[in-house]
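Working notes for the structure below.
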Amino acid sequence: MKDIRNIIVQSMFKLMRPLVRIMLRHGFSYGEFAEIAKLAYVDIAEKEFRIEGRKQSVSRICVLTGMHRKDVNRLLEQLQSQSMDIEPLNRAARVIGGWMSDPDFLSRAGRPNPLPFEGTQHSFSALVKRYSGDMPARAVLDELKRAGAVIVSDTGKIKLVSDAYIPHNADEQLIQVMGICGTDMLNTISHNMAHPPERSHLQLAVAYDHLAPETVQEFKKMCEQDAHQLMNKYNAWLAERDLDNPKVKRDPASTSTERLRAGLGVYYFEDLFVETNRDETDTQANAKGGD
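The numbering of the sequence shown is full-length UniProt numbering, which starts it at 1 and goes up by one.
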């Protein structure tokens, strides 16, 4: 069996390749990438590797990360002042979720109604106010239009044309989506590596590596259809229970004040299979249909 550090190095190299591809595509040098990696090292060391009952010290962060004290102090200050706001993405998705599940905005057949921008309690502005708080309705509309999620008819009615918030035409926001979805997936893997099976999170994958192009196209269409149905089901279920929904009240018998986030991510992948060494091929074979 390979040394665990060697396996980690190989796995990290694979993970780095798509990240580096994105960084180079957007003009980032290695030095800039290394600075981001340093920030992540200091952030995780400071928050997650504390000695129980004791405040984390700069000296301990230096020992854990191998960085000099001057660099650690500088990076801690940078982390404290840094803004990584992803709330606009969450709010836009929340508006779509409410539109697809709230009876006030659905037709008798259970489909999202085309909505006037304002003027009634069943307007787009009312929807935004209910599910997006203090975000201006016009800003949310502009974002959903840019993402290709809605269209505006000649009569001014706003129609939902996509059941998911994926900003196809907004490179900046696609990168934000990458950060959110990639982090969720890797956090699940990290959790499962650190906990026994009875405390693991759902982690499933299926892949085969000797497929004809026509089979791949058929499989892709099947995935898109089935995944949309599944996600619509879970979206409606969660929207009916999310405490941001004014119709949902916390159980008075509950003594917990925790605010939890939970969800399910689905992604499709397709690439050209390249023959590798025997050990890696065995790993891929063992992962087929695994969890």
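Note that the Cβ used here is the ideal one computed from N, Cα and C, for glycine as well.
Please report the distance separating the alpha-carbon of D171 from that of G148.
13 Å
What residues in its chain sit with their C-beta under 7 Å from that of M23, if we drop five residues either side in the sequence?
F33
In this structure, how does DSSP classify I86 when only helix, strand and coil are distinguished?
Low confidence applies here, because I86 scores a pLDDT of 46, under 50, leaving its location unreliable; read the following figure in that light. Residue state, collapsed to three classes: coil.
Do the stretch 189-208 and the stretch 64-79 touch if we need at least three Cβ pairs shorter than 8 Å?
no
Can you tell me the Cα-Cα spacing of F124 and D154, whole angstroms?
16 Å
Ignoring anything shorter than 3 residues or poking outside the stretch 131-217, list the beta strand (DSSP E) runs there in chain order.
150-152, 158-160
Which runs of the alpha helix (DSSP H) at least 4 residues long sit entirely within the stretch 44-111? Give them in chain order.
58-65, 69-81, 87-101
Following the continuous alpha helix (DSSP H) through K14, name the residue where it begins and the one where it ends.
4-25
If distances are taken between C-alpha atoms only, which option among D102, H201, V42, R199 comes closest to Q80?
V42
DSSP on L260, reduced to helix/strand/coil?
coil
Who are the Cβ neighbours of R130 in its own chain at under 7 Å, not counting the five residues just before and after it?
G98, P246
Between the alpha carbons of H26 and R17, how many angstroms are there, rounded?
14 Å
With L127 and V95 assumed to form a contact (beta carbons below 8 Å), what rounded beta-carbon distance in angstroms separates them?
6 Å
Does the stretch 96-116 come into contact with the stretch 130-139, if we say contact requires no fewer than three beta-carbon pairs (one atom in each stretch) closer than 8 Å?
yes
Taking the alpha-carbon of residue 372 as reference, which of T188, K221, K233, N113 has the nearest alpha-carbon?
Residue 372 cannot be examined here, being either before or after the span of the chain that is shown, 1 to 291.
Nearest neighbour of D226, chosen from E198, R250, Y268, R91 [CA to CA]:
Y268
Going by DSSP, what residues sit across from L115 in a beta bridge?
I158
Taking Cβ positions, are V140 and I151 nearer each other than 8 Å?
no
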